[in-house]
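A.B. asks: In this note's numbering, the protein residues as written are 63 to 682. Note that the Cβ used here is the ideal one computed from N, Cα and C, for glycine as well. These numbers were taken from a predicted model, which means no experiment stands behind them. Before anything else, here's the structure in question.
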Amino acid sequence: MSRGATDCREHTHADLLTAALSRLFGQLEAHALADLVSRIELQELARGERLYLQGEPGTNMHILLTGRLQVRVKTEDGTERVVAHLQPGEAVGEMALLTGARRAATIVATRDCTLGALTRQDFDNIVSRHPDVFSHIARFVIGRLTNTQARAAVRSLARTIAIVPLHATIDRDAFCRRLQLALLRFGSNIRLDSTIMRHRFPAGFAGGEADRFLDECEHTHDFVLLEASDRPTDWTRKCLGFADRILLVASGTAPPQLTALERDLLAHVDREGYVLPELAILHPAGVQPAGTRDWLSGRSLARHYHVPMGGSEGFNRLARFLADRAVALVLAGGGARGFSHLGVIRALREHGIPIDAVGGTSFGAIAATGPARCIEIEHMIEELSHAFINERPLDDYTVPVVSVIRGDRLDRLLAHYLDMDIEDLPIPYFAVSSNLSANRVEVHDRGSLWRAVRASISLPAILPPVLRDGNLLIDGGVLNNLPVDVMRERIHGRIIAVDLSVEHEYRLAQQALPTGFEYLKGRLLPWKEPIEAPTLARVIMKTTTLASRREVEIARRSADLYMNVPLAEYDLLDWAKFHAIVDRGYQYACRTLSEHTAANPAIVHREDAFDLLAAARLTL
């Protein structure tokens with residue numbers, strides 16, 4: 063929708079418009095600049111609406127006055143790639159007016175926008191009267207193209223967050239204050255609610271003055287929290303239209319059905335330019351999450367969080383996600399060597415490094431369930447020690463038609479310890495398996511936890527495959543033994559990857575492999591010297607990860623911190639050496655983390671000391 067050109071000189075954005083035109087056209091005389099401003103027509107663009115389509119003719123240019131625009135370019139494979147985010151004061155579309163070329167990119171409003179539009183005729187008139195303008199605008203365009211990549215990296219950060227309570231019983235003030243406190247770790251923040259905004263703008267929020275004020279808040283603060291109402295008010299609509307991220311806040315004790323607010327205001331979130339909301343479910347202190355699948359059913363969400371109201375860690379974790387500073391842990395498979403993951407987790411906790419999300423393959427999927435359940439590391443060590451040393455779930459042999467091991471004993475153990483839904487875990491979790499039927503990686507982040515783990519550890523020929531929806535699922539290490547790429551798709555933050563690779567293994571001194579009978583004699587007869595040779599199980603376990611070595615190498619380069627615990631002297635089936643392997647992982651991780659945190663102190667997250675400092679800053 064456009065408004066008359068005469069409105070523009072008196073509009074609240076006249077100063078921003080004048081500054082933008084001066085940067086674009088150079089130093090014009092006052093009367094010429096005023097004449098140019100008077101020719102600008104104001105245009106409103108709703109969130110999700112498209113301003114330009116790549117390849118279409120260009121008939122005008124625009125200056126963004128409020129809101130935010132996203133610049134997308136179509137790649138050779140037909141997909142679109144985001145290359146820039148434009149903020150108020152920036153011009154767009156001038157290239158088409160300079161060269162007559164078609165639009166070089168698609169531009170979509172990612173917020174409700176106000177723009178100033180200049181037609182080709184008015185542009186040509188200015189250039190004809192002021193020839194120097196053409197060379198100035200050409201230099202401006204070249205300079206902006208040079209800086210596009212750097213600007214995109216900075217402006218892609220989402221810093222304005224709409225806090226939308228779904229239930230009237232939620233203490234909005236308490237929630238927002240605790241979130242503010244946690245966000246102070248990552249920069250300054252300001253909270254705006256309807257009371258503050260109505261006092262400042264008694265005539266309402268529809269005008270440009272409110273948008274300009276919100277823009278100014280963004281420029282002076284690292285985070286802007288827009289506290290919406292639990293009803294579909296004008297202020298709530300303004301929050302949703304202006305925010306980079308939408309955080310729905312629900313009471314875990316309330317019914318999980320869609321609320322009237324969601325049905326009224328969030329039905330359009332799948333439209334182009336809109337972000338999927340995130341859901342924070344608040345739980346009373348000491349209450350474990352349950353029934354989360356009902357909260358997720360019927361909602362289109364980017365992710366969900368469980369936030370316990372007791373203590374500060376739940377809010378600190380939420381703040382790290384919202385600030386794109388979450389720390390994720392990815393654990394590789396590797397048989398008994400996977401016990402070393404427990405030592406690494408212990409070292410991470412002792413060094414004050416949080417674990418905000420976990421994922422793993424094969425034994426890494428088992429070890430990752432400890433942090434995901436937020437259980438103490440000593441409890442996790444005791445749990446796995448009992449399971450693998452006392453219960454011996456892999457001694458459940460059967461006639462080797464489908465597999466060597468029956469798997470019933472392992473199933474009972476997993477169901478006993480991990481009988482819960484992945485959605486109910488306090489920390490985001492996934493396990494990776496290999497879909498033998500569809501020849502693809504399968505990511506398990508919903509449904510039964512123990513069944514997901516069981517699929518991820520289903521070594522081919524050793525354990526029976528898992529059947530799901532008609533597909534055979536086997537060990538995730540076949541296709542992706544270190545799924546850093548899966549984690550990278552889920553979080554924006556730091557990723558710690560723990561590998562268990564041993565490069566040179568099974569090098570034998572003899573020139574020929576022994577027969578099975580010779581091997582057994584060397585093992586069973588005390589006067590015979592044991593013959594060194596890889597068994598069937600060891601060959602299968604080693605072969606399982608060979609196919610994904612390329613993916614592991616890519617993961618190593620992609621991770622922010624990569625650890626490969628030195629475990630060459632431990633066999634893939636050394637279950638009895640549990641405690642020695644745990645200690646090896648701990649000692650190695652302590653050395654690595656001491657070096658890493660000395661070089662990167664920001665990754666350390668000490669709770670108590672910061673809470674005192676942050677509380678002091680918040681009350682100043």
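Any contact of the region 309-317 with the region 338-350, i.e. 3+ C-beta pairs under 8 Å?
C.D. replies: Output reads yes: the region 338-350 touches the region 309-317.
A.B. asks: Alpha carbon to alpha carbon, what distance is there between Ala305 and Leu276?
C.D. replies: The residue you call residue 276 lines up with position 214 of the sequence shown. The residue you call residue 305 lines up with position 243 of the sequence shown. Taking the straight line joining both Cα atoms gives about 10 Å.
A.B. asks: Note the first and the last residue of the continuous beta strand (DSSP E) segment covering Ser518.
C.D. replies: What you label residue 518 is simply residue 456 of the sequence shown in a count that begins at 1. Element bounds for Ser518: not the beta strand (DSSP E) but the alpha helix (DSSP H), Leu511 to Ser518.
A.B. asks: Using only the alpha-carbon positions, how far apart do Ala559 and Arg618 sit?
C.D. replies: One-based indexing of the sequence shown puts residue 559 at position 497. One-based indexing of the sequence shown puts residue 618 at position 556. Answer to the nearest angstrom: the Cα atoms are 7 Å apart.
A.B. asks: Straight-line CA distance for Ala82 to Ser374?
C.D. replies: Residue 82 sits at position 20 when you count from the first residue of the sequence shown. Residue 374 sits at position 312 when you count from the first residue of the sequence shown. Using only the alpha carbons, I get a separation of about 44 Å.
A.B. asks: Could you tell me the alpha carbon to alpha carbon distance between Ala76 and Ala381, rounded to whole angstroms?
C.D. replies: Residue mapping note: residue 76 aligns to position 14 of the sequence shown, counting from 1. Residue mapping note: residue 381 aligns to position 319 of the sequence shown, counting from 1. Roughly 37 Å separates the two Cα atoms.
A.B. asks: Is there contact here, the region 487-497 with the region 413-428, by at least three beta-carbon pairs under 8 Å?
C.D. replies: Touching, yes, given that three or more Cβ pairs across the two stretches are closer than 8 Å.
A.B. asks: Between the Cα of Pro57 and those of Ser447, Gly422 and Ile417, spot the shortest distance and give me the residue it belongs to.
C.D. replies: Within the shown structure, residues of the chain are numbered from 63 to 682, placing residue 57 beyond reach of any answer.
A.B. asks: Does Gln89 come out as helix, strand or coil in the three-state DSSP assignment?
C.D. replies: One-based indexing of the sequence shown puts residue 89 at position 27. Correct three-state label for Gln89: coil.
A.B. asks: Using CA coordinates, which residue listed in Ile443, Arg408, Glu613 and Gly395 is at the minimum distance from Ala517?
C.D. replies: The residue you call residue 517 lines up with position 455 of the sequence shown. Measuring from the Cα of Ala517, the nearest candidate turns out to be Gly395.
A.B. asks: Rounded to whole angstroms, what's the CA-CA distance from Pro663 to His366? Just pull it up for me.
C.D. replies: Locating residue 663 in the sequence shown gives position 601, counting from the first residue. Locating residue 366 in the sequence shown gives position 304, counting from the first residue. In a straight line, the C-alpha of Pro663 is about 29 Å away from that of His366.
A.B. asks: With a threshold of 6 Å on Cβ separation, who are the neighbours of Ala449 within its own chain once the five nearest residues in sequence on each side are excluded?
C.D. replies: Residue mapping note: residue 449 aligns to position 387 of the sequence shown, counting from 1. The residues are Leu475.
A.B. asks: In the DSSP assignment, find the unbroken alpha helix (DSSP H) run with Val546 in it and report its ends.
C.D. replies: As a first step, residue 546 is located in the sequence shown; it is residue number 484 there, counting from the start. Val546 -> alpha helix (DSSP H) spans Val546 to Arg552.
A.B. asks: Using the DSSP secondary-structure output, state which residues sit across from Ser359 in a beta bridge.
C.D. replies: For the purposes of this step, residue 359 is identified with residue 297 of the sequence shown, where counting begins at 1. DSSP lists no partner for Ser359.
A.B. asks: Suppose the cutoff is 7 Å on Cβ atoms and the five residues either side in sequence are ignored; what does the same chain contact list for Arg399 look like?
C.D. replies: Position 337 of the sequence shown holds residue 399. For Arg399, where only same-chain residues beyond five positions count, the Cβ hits under 7 Å are Leu562, Leu629, Tyr632, Leu634 and Ile643.
A.B. asks: Counting Cβ pairs closer than 8 Å, one from the region 178-193 and one from the region 121-133, do we hit at least three?
C.D. replies: At 8 Å Cβ cutoff, the stretches touch.
A.B. asks: In the DSSP assignment, the alpha helix (DSSP H) including Tyr479 goes from what residue to what residue?
C.D. replies: Here residue 479 refers to the residue found at position 417 when the sequence shown is read from its first residue. Residues Asp470 to Tyr479.
A.B. asks: Can you find the residues in the same chain that come closer than 7 Å, C-beta to C-beta, to Ala352, ignoring five residues on each side of it along the sequence?
C.D. replies: Here residue 352 refers to the residue found at position 290 of the sequence shown. Asp486.
A.B. asks: Tell me, please, which residues DSSP counts as bridged to Leu344.
C.D. replies: The residue labelled residue 344 in the question sits at position 282 within the sequence shown. According to DSSP, Leu344 bridges with Ser313 and Val369.
A.B. asks: Hey, out of Thr659, Arg408, Asp233 and Ala224, whose CA is closest to Gly647's CA?
C.D. replies: As a first step, residue 647 must be located in the sequence shown, where it is residue number 585. Closest option to Gly647, Cα to Cα, is Arg408.
A.B. asks: At a cut of 8 Å, does the region 536-551 reach the region 502-517 through at least three beta carbon pairs?
C.D. replies: Yes, the region 536-551 touches the region 502-517.
A.B. asks: Starting from Asp277 and walking both ways along the beta strand (DSSP E), at which residues does that stretch end?
C.D. replies: By 1-based counting over the sequence shown, the position of residue 277 is 215. Asp277 -> not in any beta strand (DSSP E); alpha helix (DSSP H) instead, spanning Gly270 to Thr282.
A.B. asks: May I ask you to report which of helix, strand or coil DSSP gives Ile232?
C.D. replies: Counted from its first residue, the sequence shown places residue 232 at position 170. Reduced to three states, the DSSP call for Ile232 is coil.
A.B. asks: With Gly88 and His198 assumed to form a contact (beta carbons below 8 Å), what rounded beta-carbon distance in angstroms separates them?
C.D. replies: Mapped onto the sequence shown, residue 88 falls at position 26. Mapped onto the sequence shown, residue 198 falls at position 136. With 8 Å as the limit, Gly88 and His198 qualify as a contact, their Cβ atoms being about 4 Å apart.
A.B. asks: With Cys175 as the anchor, note down where its beta strand (DSSP E) starts and where it stops.
C.D. replies: In the sequence shown, the residue the question calls residue 175 occupies position 113. Run containing Cys175: Cys175 to Thr181, per the beta strand (DSSP E) assignment.
A.B. asks: Give me the Cα-Cα distance between Ser100 and Ser359, rounded to the nearest whole angstrom.
C.D. replies: For the purposes of this step, residue 100 is taken as the residue at position 38 of the sequence shown. For the purposes of this step, residue 359 is taken as the residue at position 297 of the sequence shown. Roughly 52 Å separates the two Cα atoms.
A.B. asks: Less than 8 Å between the C-beta atoms of Asn251 and His281, yes or no?
C.D. replies: The residue you call residue 251 lines up with position 189 of the sequence shown. The residue you call residue 281 lines up with position 219 of the sequence shown. Cβ atoms of Asn251 and His281: not closer than 8 Å.
A.B. asks: Buried or exposed for Asp174, going by 16 or more other Cβ atoms inside 10 Å?
C.D. replies: Numbered from its first residue, the sequence shown carries residue 174 at position 112. So Asp174 ends up on the buried side.
A.B. asks: Could you name each continuous alpha helix (DSSP H) segment of 4 residues or more that falls completely within the region 371-424, going from the start of the chain to the end?
C.D. replies: The qualifying runs are 375-384 and 402-412.
A.B. asks: Within its chain, find whatever has a CB closer than 6 Å to the CB of Val406; leave out the 5 residues flanking it on each side and keep chain order.
C.D. replies: On the sequence shown, residue 406 is found 344 positions in, with the first residue counted as 1. So the list reads Val560, Gly647 and Ala651, once near-sequence residues are dropped.
A.B. asks: Mind checking Ser656: buried by the 16 CB within 10 Å criterion, or exposed?
C.D. replies: Here residue 656 refers to the residue found at position 594 of the sequence shown. Under this definition Ser656 is an exposed residue.
A.B. asks: Between the Cα of Arg361 and those of Ala390, Gln350, Gln319 and Phe401, spot the shortest distance and give me the residue it belongs to.
C.D. replies: Reading the sequence shown from its first residue, position 299 is the one you call residue 361. Considering only alpha carbons, the answer is Gln319.
A.B. asks: Pick out whichever of Thr141, Glu138, Gly140 and Val154 has its Cα sitting closest to the Cα of Gln132.
C.D. replies: Taking the first residue of the sequence shown as position 1, residue 132 is located at position 70. Comparing Cα-Cα distances from Gln132 to each of Thr141, Glu138, Gly140 and Val154, the minimum goes to Val154.
A.B. asks: If the criterion is Cβ atoms closer than 8 Å, does the pair Leu288 and Ile223 meet it?
C.D. replies: Your numbering for residue 288 matches position 226 in the sequence shown. Your numbering for residue 223 matches position 161 in the sequence shown. Result yes, Cβ atoms of Leu288 and Ile223 sit closer than 8 Å.
A.B. asks: Among the residues of its own chain, which have a CB less than 8 Å from the CB of Glu118, if the five just before and after it don't count?
C.D. replies: Within the sequence shown, the letter at position 56 stands for residue 118. Cβ neighbours of Glu118 beyond the five flanking positions: Arg164 and Arg165.
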